[in-house]
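Single-structure report; data block below.
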Amino acid sequence: MANLAKIFADNSSGAHVKNAYSNLGPITNFSDVLIPTVMPPPAASSELAAEQTVHLCDGWRYATSAISAFLRNAQGEAIHYAYYAELRAAMSLYAGTGIRIRQGQNYYVDSAGTKHPINPVGKDENMQLRTHTIAWELWGRWVKRNDVCDLVQNGLRVSPAVSLRTIIPGLALFSTEDMVLKWGSDLLADPKADKNERNIASYLPTHATKPLSRMSTDDVEFILALCNLLLPAASGLRNSLAFDAVLIQWLVQTAIESKVPDTDPDWAAKVEAERVRMIDELSASTGEGKDLLSGLLIKPDEAQASIFTHAASSATEPRNVISRAIFLLRLATLSVEKNLATSPASPAAGWLLNWLDHIGIRSCTSDVDPSDLSADLQIAIDSHRSTSFGKLPNELWEDPHAGNTYIISRADRSVAWSVLS
């Protein structure tokens, strides 16, 4: 199995998938599909382009279900849906790099555009090639790819001029590969950790032996902070999210604080001195102005930064799994957005507009720009943040708060401004 993962990860290419975005559809009506069911069968690269897009959308729908469950104090259900959000995000990412994960129909496309199917010859091999199993096994090898590194380092930006790649020289011992590997830990082929948690959440009558729990205002704040990260970035960079800037700020802050002992009586002053030193070094190594870097690499909002702390933790509580799901979905969104940017007239853009109608976010005939849909989320966040909730989760789902809770739970609406703006 490890050898199969190596073959897939080392020999596949996303070049033809990116080009195939222009060959999808056509999408002229609401009922049109990305891959028409006609003969001859579509090229493998076109199939991957379509499935990359759909896996991403389905992943965001699972994230919506996870957040909704969390806001109903259904924590086991939240873990279940968050795991499937991660899996769909991974399958979308794999497809973007030329790898098709589908039980009994796994294949990869190489740099020449040639399809290489993996056809198991025996029952035992077929069992090994189940969707979950190959997705888990592949992750550890896939994160080593250069195109994955480029996607993360160039796609995540705090401004048009400053990307994750820009600030890496100031992050001692930082590894993009290690970060993506660790934050995708729920996908790794370890039968003990998160998959056991998922199975417990999915199948076992946990509360037969475990006490019921009260939902807290901290739970609400966690979701509000998460939703803040899904808003458009303040930088105005096209299709960028606040997620990107806060992640970079969190990495910088973590690196700075690691250099000063917690017990140091002058901790705050020394942390600030480390920040100045890092910015000086980054300015010298990148040519970016010190004032620009100082204004961008500020200490992140504590509540929003906690999302990345949850993601980086090895814990498997709902907050951890949901946070990791959002991280993987952000990477998958960047990949689809990058491919669409190469083919701006791609039928996939029209299909995504239809999809927003399909999920009840924006009508196909609406004259509201998809990017403007983020305003409703901002209003809902502000309203909940200014409310002193008492009985939870009851008040979240009762008037006058139910409408805003619904909007907050719809993580899938972020596709409107992270891909289509």
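If you use my numbering, the sequence shown corresponds to residues 11 to 431, in order. Here a beta-carbon is modelled for each residue, glycine too, at the ideal position from N, C-alpha and C.
Status (buried if at least 16 other CB within 10 Å, exposed otherwise) for residue i
i	result
threonine 273	exposed
tryptophan 260	buried
asparagine 414	buried
cysteine 67	buried
glycine 370	exposed
threonine 107	buried
valine 48	exposed
leucine 183	exposed
aspartate 422	buried
isoleucine 37	buried
arginine 372	buried
leucine 222	exposed
serine 23	buried
leucine 181	buried
glutamate 408	exposed
serine 268	exposed
valine 131	At valine 131, the pLDDT of 49 sits below 50, so the modelled position is not reliable; the number obtained from the coordinates is stated separately. Exposed, by the Cβ-count rule.
Which listed residue (the options) has its alpha carbon closest to that of residue i
i	options	result
leucine 34	Ile266, Leu350 and Ala84	Leu350
glutamate 284	Gly360, Ile266 and Leu292	Ile266
valine 262	Val172, Phe232 and Thr415	Val172
alanine 54	Ser41, Arg110, His90 and Trp70	Arg110
tyrosine 416	Asp386, Thr343, Glu291 and Gly123	Asp386
proline 410	His394, Ala421, Tyr31 and Pro310	His394
arginine 248	Thr38, Val425 and Ile37	Val425
tryptophan 365	Val48, Ile258 and Val43	Val43
phenylalanine 253	Leu239, Trp70, Arg155 and Thr216	Leu239
alanine 105	Val48, Val27 and Ser78	Val27
glycine 400	Thr216, Ile210 and Thr227	Thr227
glycine 69	Glu408, Asn83, Leu103 and Arg224	Leu103
serine 212	Glu291, Lys280, Glu408 and Tyr93	Tyr93
Sub-8 Å separation of residue i and residue j beta-carbons
i	j	result
leucine 306	valine 168	yes
isoleucine 144	asparagine 164	no
tryptophan 193	alanine 322	yes
valine 158	tryptophan 152	yes
alanine 15	alanine 342	no
serine 316	serine 32	no
leucine 241	glutamine 388	yes
valine 230	aspartate 311	no
serine 324	serine 195	yes
phenylalanine 18	aspartate 367	no
CB-CB length for residue i against residue j, believed under 8 Å
i	j	result
aspartate 120	asparagine 13	At roughly 17 Å, the Cβ-Cβ gap does not stay under 8 Å, so aspartate 120 and asparagine 13 are not in contact.
alanine 88	alanine 73	10 Å between Cβ atoms; not a contact.
serine 295	proline 179	5 Å
histidine 65	methionine 101	5 Å
alanine 243	leucine 251	6 Å
isoleucine 258	leucine 166	6 Å
glutamate 298	threonine 176	7 Å
asparagine 81	serine 398	The amino acid at residue 81 is misidentified as asparagine; the sequence shows leucine. The pair is not a contact, with the Cβ atoms about 17 Å apart (cut-off 8 Å).
isoleucine 233	isoleucine 77	6 Å
tryptophan 277	valine 270	6 Å
asparagine 83	methionine 225	4 Å
threonine 216	isoleucine 210	6 Å
Proximal residues to residue i (C-beta, below 8 Å), its chain only, five neighbours per side dropped
i	result
isoleucine 45	Leu34, Pro52, Ser56, Glu57 and Ala60
leucine 362	Thr63, Cys67, Val425, Val429 and Leu430
lysine 154	Ala19 and Glu187
tyrosine 160	Position check: residue 160 holds aspartate in this sequence, whereas tyrosine was assumed. Excluding residues within five positions, none has a Cβ falling inside 8 Å.
Close beta carbons around residue i, own chain, < 6 Å, minus the five adjacent residues each side
i	result
serine 75	Tyr91
serine 381	Trp427 and Ser431
glutamine 85	Pro328
isoleucine 128	Asn116
glycine 114	none
alanine 412	none
Cβ-based neighbour list, residue i, same chain, cut-off 7 Å, excluding 5 preceding and 5 following
i	result
alanine 359	Leu350 and Leu430
valine 162	Leu174, Thr186, Val190 and Leu341
alanine 25	Ser121
histidine 320	Arg329, Asn330 and Ser333
glutamate 282	none
serine 304	Ile289
alanine 79	Glu87, Ala88 and Tyr91
glutamine 314	Ala235, Asn238, Leu239 and Val256
glutamate 405	Phe399 and His411
valine 469	Because residue 469 is not part of the residues shown, which for the chain are 11 to 431, the question remains open.
Any chain B beta carbon closer than 8 Å to residue i
i	result
glutamate 87	Checking the listed chains, one finds no chain B in this structure; it contains a single protein chain.
heavy atom of the ligand SAH below 7 Å from residue i C-beta
i	result
leucine 339	Ligands are entirely absent from the displayed structure, and the ligand SAH is therefore not among its contents.
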